[in-house]
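Residue numbers (the numbering used here), protein chains in the order written: chain A, 6 to 277; chain B, 35 to 295. Data block below; observations after.
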Amino acid sequence: MRLVNARPSKGSALALATLPFLVVGTLYVMASMDRLAVNPDDKLLPSLGQMGAAFHTLAVVPDRRSGTLILWADTTASLVRLFSGVGIAATVALTLGIALGFIPRVKATLGAFVAVVSVVPPLAVLPVLFIALGLGETAKIALIALGVGPVMIRDVAQRVAEIPAELVVKAQTLGGNTWTMILRLVLPQVMPRLIVAVRLALGPAWLFLIAAEAIASTEGLGYRIFLVRRYLSMDVILPYVVWITVLAVGTDWLLARLSAAAFPWAHPREAP
Amino acid sequence: MSRLVVKDLAKSYGETRVLERVSVTAAPGEFLSLVGASGCGKSTFLKIVLGQETATAGTLTVDGRPVPPEPTTDRGIVYQRYSVFPHLTVRDNLVLVADLKHGGPLARVFGPKRRTARDEADALLERVGLRHAADLYPASLSGGMQQRLAIAQTLLGRPKILLLDEPFGALDPGIRVEMHALLLEIWAEHRMTVLMVTHDIGEAFKLGTRVLVFDKVRRDPQFPGAYGATITYDLPLDRKTRPAAPTDAGVIPGPVLQRSA
């Protein structure tokens with residue numbers, strides 16, 4: 006059978022999906038054991054036990070100086086920043102994107118401006134944000150919102166423009182005006198796409214979050230990683246990277262489920 | 035029931051003339067079939083009547099009043115595709131008509147008005163044979179069922195003029211015959227003025243009280259866009275004297291068939 010036609014069964018697909026994780030995990034453990042056998046104090050490739058112990062300490066033992074549980078304080082701080090930034094970006098993208106995609110005069114006025122703004126590298130603007138907004142939360146949230154917002158605006162506008170003209174004309178023949186069509190035609194049709202845009206934006210959003218935290222912060226997942234880098238604490242850095250990955254995958258999964266539950270018409274295959 | 039009068043209508047896209055000198059009067063309750071070769075401008079004509087496109091020249095009146103250059107509730111439309119709203123269930127597609135007309139800025143009617151709208155929707159769904167599918171989304175309906183829904187939805191808007199743009203073009207022949215029967219029933223009930231664009235000559239003669247043929251009378255081989263199409267044949271069909279509706283192309287006059295095939 007040709008490779009393109011050989012489809013794995015459910016069980017073998019699961020086994021195949023697990024394989025790369027196992028390979029990387031095994032290679033790491035072997036390399037770590039090698040190094041630790043030569044030098045038990047080696048910091049570069051800590052054993053799973055060392056990482057587990059470090060992670061456990063951060064998760065359940067209160068910090069001696071501040072009295073907080075560091076992992077949870079970091080996670081809360083980072084997620085609040087992340088979701089505030091992405092939430093602001095999504096809200097602006099929805100309103101501005103619909104206006105741009107649906108109303109020709111708004112597109113004529115703001116289309117080129119948004120296109121230009123969306124190519125400004127957000128990290129290059131970070132110093133400006135720190136100077137203008139201070140080193141607090143505002144600048145970090147603003148960086149995330151500015152980083153992912155313009156692309157989301159253009160994506161939403163594009164999707165709105167792709168709504169078949171037939172539907173827009175039909176809605177008008179049934180008595181719709183600009184506002185009621187936005188409410189009953191454009192908004193519902195673009196919501197599933199906004200969720201896709203948010204899922205795609207979360208990747209860059211984490212990048213901007215960690216960059217902002219690395220530069221100026223007192224707590225946060227990115228801050229912690231860059232703080233302990235000074236002590237070569239790989240036993241903290243690696244579990245934190247895994248933890249961030251788990252959070253990102255979990256968020257993505259939740260958004261996918263939300264879209265399938267709220268907009269079944271947009272997911273015909275998954276519908277019961 | 036409304037009288038549609040079109041006088042000296044012309045439409046150009048840049049240098050290309052699509053339509054020129056199109057004049058036609060549709061009496062109240064007439065069923066006009068528009069036929070012609072692909073790209074001859076019959077769909078453009080329909081879009082101009084609908085208000086989706088604006089004419090370059092000429093006048094268009096409904097009951098003596100010029101039609102506004104955008105779609106209104108006067109004129110209903112059924113397209114071949116994209117005629118129903120994919121994000122609403124079958125019933126909600128019909129309730130939407132009440133929502134848009136009487137729902138105010140929220141575009142939603144509430145309470146007794148909503149119950150009335152639902153009952154009206156369900157009655158109409160029963161009528162077009164979609165009652166069992168009321169809670170499904172259009173994507174899970176067959177092409178014929180989607181078009182039934184599209185027709186029902188347009189009817190609920192109570193248009194003075196019903197425009198049909200190749201409404202049955204994508205359907206199987208058997209389903210098409212069913213749809214013809216449904217459309218004729220509805221037209222007999224409401225006696226609205228109907229304009230239907232079709233590629234199917236048999237359909238044009240079977241359904242229409244008049245068949246309009248669009249074609250170019252002048253051609254410039256060096257510059258095909260120089261001249262537009264106009265109505266070359268205007269064939270009134272007296273339904274009362276006709277024994278039965280022709281069902282195939284065999285009974286159609288030669289020139290029309292050649293031009294439109």
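Beta carbons: idealized from backbone N, C-alpha and C, even for Gly. Computed from a predicted model, the values in this text were never measured in an experiment.
Residue i versus residue j - alpha carbon distance
{"i": "Gly-102 (chain A)", "j": "Val-174 (chain A)", "result": "20 Å"}
{"i": "Thr-243 (chain B)", "j": "Arg-262 (chain A)", "result": "53 Å"}
{"i": "Ile-111 (chain B)", "j": "Cys-74 (chain B)", "result": "20 Å"}
{"i": "Lys-250 (chain B)", "j": "Asp-42 (chain B)", "result": "15 Å"}
{"i": "Ala-176 (chain A)", "j": "Trp-77 (chain A)", "result": "50 Å"}
{"i": "Pro-67 (chain A)", "j": "Ala-144 (chain A)", "result": "29 Å"}
{"i": "Lys-194 (chain B)", "j": "Glu-64 (chain B)", "result": "12 Å"}
{"i": "Pro-169 (chain A)", "j": "Val-191 (chain A)", "result": "11 Å"}
{"i": "Arg-37 (chain B)", "j": "Arg-152 (chain B)", "result": "32 Å"}
{"i": "Pro-132 (chain A)", "j": "Leu-84 (chain B)", "result": "55 Å"}
{"i": "Pro-258 (chain B)", "j": "Ala-71 (chain B)", "result": "15 Å"}
{"i": "Glu-167 (chain A)", "j": "Leu-68 (chain B)", "result": "29 Å"}
{"i": "Gly-141 (chain A)", "j": "Ser-222 (chain A)", "result": "8 Å"}
{"i": "Arg-142 (chain B)", "j": "His-136 (chain B)", "result": "8 Å"}
{"i": "Arg-86 (chain A)", "j": "Ile-146 (chain A)", "result": "6 Å"}
{"i": "Thr-73 (chain A)", "j": "Gly-180 (chain A)", "result": "59 Å"}
{"i": "Ala-36 (chain A)", "j": "Gly-225 (chain A)", "result": "30 Å"}
{"i": "Val-153 (chain A)", "j": "Ile-75 (chain A)", "result": "28 Å"}
{"i": "Pro-126 (chain A)", "j": "Ala-253 (chain A)", "result": "23 Å"}
{"i": "Leu-164 (chain B)", "j": "Leu-183 (chain B)", "result": "8 Å"}
Spatially closest choice to residue i from the options, by CA coordinates
{"i": "Pro-270 (chain B)", "options": "B:Thr-93, B:Val-245, B:Lys-250, B:Arg-165", "result": "B:Val-245"}
{"i": "Gly-98 (chain B)", "options": "B:His-136, B:Ala-61, B:Asp-234", "result": "B:Ala-61"}
{"i": "Pro-155 (chain A)", "options": "A:Ala-120, A:Ile-249, A:Arg-12, A:Val-65", "result": "A:Ala-120"}
{"i": "Ala-155 (chain B)", "options": "B:Ala-263, B:Asp-133, B:Ala-141, B:Ser-176", "result": "B:Asp-133"}
{"i": "Thr-59 (chain B)", "options": "B:Leu-94, B:Thr-50, B:Val-52", "result": "B:Leu-94"}
{"i": "Gly-227 (chain A)", "options": "A:Leu-214, A:Met-239, A:Leu-237", "result": "A:Leu-214"}
{"i": "Gly-236 (chain B)", "options": "B:Val-162, B:Phe-202, B:Ser-117, B:Lys-45", "result": "B:Phe-202"}
{"i": "Asp-272 (chain B)", "options": "B:Val-52, B:Leu-66, B:Glu-54, B:Tyr-261", "result": "B:Leu-66"}
{"i": "Phe-60 (chain A)", "options": "A:Gly-152, A:Trp-248, A:Val-153", "result": "A:Trp-248"}
{"i": "Gln-86 (chain B)", "options": "A:Leu-172, A:Leu-212, A:Val-195", "result": "A:Leu-172"}
{"i": "Pro-120 (chain B)", "options": "A:Val-241, A:Val-233, A:Gln-194", "result": "A:Gln-194"}
{"i": "Phe-248 (chain B)", "options": "B:Leu-218, B:Thr-232, B:Ala-215, B:Glu-223", "result": "B:Thr-232"}
{"i": "Thr-78 (chain B)", "options": "B:Pro-146, B:Thr-107, B:Ala-263", "result": "B:Ala-263"}
Same chain only: Cβ atoms within 6 Å of residue i, ignoring 5 sequence neighbours per side
{"i": "Arg-113 (chain B)", "result": "One point to set straight first is that residue 113 (chain B) is Tyr, not Arg, in the sequence displayed. Answer for Tyr-113 (chain B): Asp-199, listed in chain order."}
{"i": "His-272 (chain A)", "result": "Ala-265"}
{"i": "Arg-198 (chain A)", "result": "Arg-164"}
{"i": "Leu-50 (chain A)", "result": "Ala-36, Ser-37, Arg-40"}
Residue burial classification, residue i (beta-carbon count within 10 angstroms, cutoff 16)
{"i": "Gln-181 (chain B)", "result": "buried"}
{"i": "Arg-235 (chain A)", "result": "exposed"}
{"i": "Pro-25 (chain A)", "result": "exposed"}
{"i": "Lys-274 (chain B)", "result": "In this prediction, Lys-274 (chain B) has a pLDDT of 39, which is less than 50 and means its spatial position is unreliable; what the coordinates show is noted afterwards. Exposed, by the Cβ-count rule."}
{"i": "Ser-83 (chain A)", "result": "buried"}
{"i": "Lys-45 (chain B)", "result": "buried"}
{"i": "Pro-45 (chain A)", "result": "exposed"}
Same chain, Cβ closer than 7 Å to residue i, five either side skipped, listed in chain order
{"i": "Ala-286 (chain A)", "result": "Because chain A in this structure spans residues 6 to 277, residue 286 (chain A) falls outside the shown range and cannot be described."}
{"i": "Ala-167 (chain B)", "result": "Val-124, Leu-175, Met-179"}
{"i": "Leu-122 (chain B)", "result": "Leu-130"}
{"i": "Leu-260 (chain A)", "result": "Ile-200, Val-203, Arg-204"}
8 Å CB neighbourhood of residue i in its chain, flanking five on each side removed
{"i": "Thr-183 (chain A)", "result": "Phe-107, Ile-108"}
{"i": "Val-65 (chain A)", "result": "Leu-74"}
{"i": "Ile-265 (chain B)", "result": "Val-56, Ser-57, Val-58, Leu-246, Val-247, Phe-248"}
Open item on the list: Assess contact between the stretch 176-188 of chain B and the stretch 124-136 of chain B, defined as three or more Cβ pairs (one per stretch) separated by less than 8 Å. Is contact present?
Closed with: yes
Open item on the list: Between the stretch 184-196 of chain A and the stretch 112-119 of chain A, can you find at least three pairs of beta-carbon atoms closer than 8 Å?
Closed with: Too few Cβ pairs lie closer than 8 Å, so no.
Open item on the list: For the structure I just gave you, are there three or more beta carbon pairs, one from the stretch 193-211 of chain A and one from the stretch 85-101 of chain A, closer than 8 Å?
Closed with: yes
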